[in-house]
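Input: a single structure, listed below in C-alpha cells.
Number of protein chains: 2
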Amino acid sequence: MITLLLVEDDQDLGKILKQYLEMQGFRVLLAGTGEKGWTLFLEEHPALCILDIMLPGMDGLSLGKKIKQKNADQPLLFLTARTSKEDILKGLKTGADDYICKPFEPEELVLRIRNILRRTGRLEPEALHIGKFLFIPDRLELSGYGNTYRLTLKESQLLKYLLAHRDQLLRREDILVELWGENDYFLGRSLDVFISRIRKYLKPGKDIQLETIRGVGYVLRTTIDDPRPNGRSSGRG
Amino acid sequence: MITLLLVEDDQDLGKILKQYLEMQGFRVLLAGTGEKGWTLFLEEHPALCILDIMLPGMDGLSLGKKIKQKNADQPLLFLTARTSKEDILKGLKTGADDYICKPFEPEELVLRIRNILRRTGRLEPEALHIGKFLFIPDRLELSGYGNTYRLTLKESQLLKYLLAHRDQLLRREDILVELWGENDYFLGRSLDVFISRIRKYLKPGKDIQLETIRGVGYVLRTTIDDPRPNGRSSGRG
DNA sequence: TCATTGGGTTAATGAAATGTTAATGTCCGG
DNA sequence: CCGGACATTAACATTTCATTAACCCAATGA
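Just so you know, the protein sequences line up as chains W and G, in that order. The numbering used here puts the last residue of the first sequence at 237; the count rises by one with no breaks. The numbering used here puts the last residue of the second sequence at 1237; the count rises by one with no breaks.
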C-alpha cells in the first residue's frame, strides 16, 4: 500500500483529508507540525509528502527544503492559500513538485497525487483495453493500430465513462450530468461533438461499436472483450 | 431485490427512511452504529451503503473508508448536515459516490439512490417475459428464438404497456392517452402501425396472441404466463 | 349479396435528433 | 498582447423514425 505523509496544522481539515485519502486506498500519516512531519518522514519514507505551507514552528517550505536535502528525489506537494505571494507560487511551479491552492476539491487533490506518483514511477498507470486499443486515462493516451493519440481531457473523461459502462445503455442526460454537471441543449450538442471525435479515434477498430440509441443515448459495444456466440440482428427489416 | 445498507443513529429518521425506501421496492438493512453497519456490510454485500457522517463511535467517514478498503468499487452515499465544512464535504462526490445534505426530501434521496445504482450498473434492468421472449425495456431489447431486436423508444413503450396489462382488454383510447397524451384519428392510425410492428416481432411466439377486439381495442394473451423452465434462479449476481 | 366500417400493412414523407466540420470564445503561459 | 490548446457554439449535412397516406382485407349487417 502507498504511504502518504500529510503535514497540516488544521486538525479538522487534516482529519477529513486523512479519511478521504484513506478511502481512496492510501495509507496516510498525519502530522500537525513540521517537526512531527520530519520525524515521520525519516521513519516511514512516504511515497509522497503533502505539506501545508503555513505551519506554526517549522513552515512547510522549510520542511520541504530539509526533506529535499535528505532525499533529492522525494516528491512533494504543497498546500497553499490562494493569497500567497506570487513569487512563492512561481517558485513552487518551476520546481519539480506540484502545489494546490486552498480551498480545493479533495477530488482534485487525489488527481494530483496520483499524477505525481505516476510521474515518479510509484504508481502503475491504469490501462484499459478497448478491442485492440490500449487506453491510459491518466496519460490521456489512446494507442492501437500503429498510432498513438493524445486525447484532450474531456475526450478522455468521456471515453473512460463509456468504457466503465460498456454494454450498458447510457442516457445522454446521465453522461451530461456526470461529465458536465448539468444538462441543457448546448451541452447536448457538445456531447455530440465529442462522441463524433471518439468515433473517429476508434474507427480502425471494426470490433468496436459506439451505437446511437435515438432519443435515449449511446452504447459502447466491443466484440473482442465480450465475445458473445452470435445472434444480434438489427431491429428493422 | 436490491439491498441497501442504511447507517443512521437517529432512530426515528432511520425507521422512517427504511419504511420509505422499502415502499420504493428496496430491501433495507438499518444499522444504528458504525460497528453494526460494518457487520451488516460484510454479511450482506449491499448494492449501496447510505452512511450518516455524524455517528457515535465509528463515524460515517471512517466506516466509508473501511468499506472502500474492503471493496474499492462499493458505492457510497453520505448523509451530512449543512455545516461549516460544507465545501470540503462537497468533495465527497467522486466517481460512484454522492452525498446529500440534511434535511432532505425522501424523494430526492430516492432519486440519488437510483442514479448511483444506475451509474454503477447495480440496478438490475427490469426483465419481462412474454412467452419465450425476454424483453428489457431499459435497453429497448427484445430477444427470443435466436434473435435480439432493438426496438425504438415508442415500440418499447407500447410493448411495455401491453405487457403491464396482459390479459386485460385495453381500449384504443386508453393506449393513445397513455402513450401519446391524446386521442385523435391520425394517432389512431399511428397506433395501428405500431401494433403491426409488434406483431411482427412476436410472430415466432405461437403462444402469444395480440388480439384485436374490433371497435374497442386489444388484448395481449400468452399461454405460458410465468416461464420457469428450470426453477427461478436469478442469473445475475 | 353488397355496402360500410374498422383495422392491417407497406411505403412515402417530413420533423427532429444526431453527425460533422468550422468558427468562436476562453484560458493560460510567455 | 500574442499564440496555442481546447471547449463550446454555430452552421450545415445526414439519419432516424413517428406520422401520414394509400391501398388492402375482414368483419358486420341489411
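We put the beta carbon where it would ideally sit given N, CA and C, even for glycine.
A contact is defined here as three or more CB-CB pairs under 8 Å, and the segment 30-41 of chain W fails this definition with respect to the segment 117-130 of chain W.
Here W:Gly64 carries a helix assignment [DSSP, helix/strand/coil]. For W:Gly181, the nearest beta carbon of chain G is not closer than 8 Å to its own beta carbon. If you look at W:Arg166, you'll find it isn't in any alpha helix (DSSP H); DSSP assigns it neither H nor E.
Our two residues, G:Phe1026 and G:Met1058, have alpha carbons roughly 26 Å apart in a direct line. As a beta-bridge residue in DSSP terms, G:Phe1135 pairs with G:Leu1128 and G:Leu1142. In this chain, the beta strand (DSSP E) harbouring G:Ile1213 covers Ile1208 to Ile1213.
At least one C-beta of chain G is nearer than 8 Å to the C-beta of W:Gly215.
Under the 8 Å Cβ criterion, the segment 1137-1147 of chain G does not count as touching the segment 1172-1181 of chain G, having fewer than three qualifying pairs. Look at G:Leu1030 here: in three-state DSSP terms it is strand.
Here DSSP, grouped into helix, strand and coil, assigns W:Ile53 to coil. By the C-beta density criterion, G:Leu1048 is buried, having at least 16 other C-beta atoms within 10 angstroms. Not flagged as an interface residue toward chain W: G:Lys1160, since no C-beta distance is shorter than 8 Å.
Closer than 8 Å to the CB of G:Asp1098 there is not a single CB belonging to chain W. The three-state reading of DSSP puts G:Lys1070 in helix, counting H, G and I together.
Neighbours of G:Ser1062 in chain W, taken as residues at a C-beta separation under 7 Å, are given in chain order as Gln19. CA-CA distance, G:Cys1101 to G:Gln1024, rounds to 21 Å. In the structure shown, G:Asp1012 falls within a helical segment according to DSSP collapsed to helix, strand and coil. Interface criterion met: the Cβ of W:Asp174 is under 8 Å from a Cβ in chain G. Distance from the CA of W:Glu211 to the CA of G:Asp1192, rounded to the nearest whole angstrom, comes to 29 Å. Separation of G:Gly1060 and G:Thr1223 (C-alpha to C-alpha, rounded to the nearest whole angstrom) is 52 Å. Burial check for W:Glu126: the Cβ neighbour count within 10 Å stays below 16, so the residue is exposed. The distance from the Cβ of W:Leu142 to that of W:Phe133 is about 6 Å, consistent with a contact at the 8 Å cut-off. Burial state of G:Gly1215 is exposed, judged by a 10 Å Cβ sphere holding fewer than 16 other Cβ atoms.
Ranked by Cα distance from W:Ile67, the options W:Leu40, W:Phe194 and W:Leu55 are led by W:Leu40. Identification of chain W residues near G:Asp1138 by a Cβ-Cβ cut-off of 8 Å yields Leu169, ordered along the chain.
For G:Lys1102, the beta-bridge partners assigned by DSSP are G:Ala1081.
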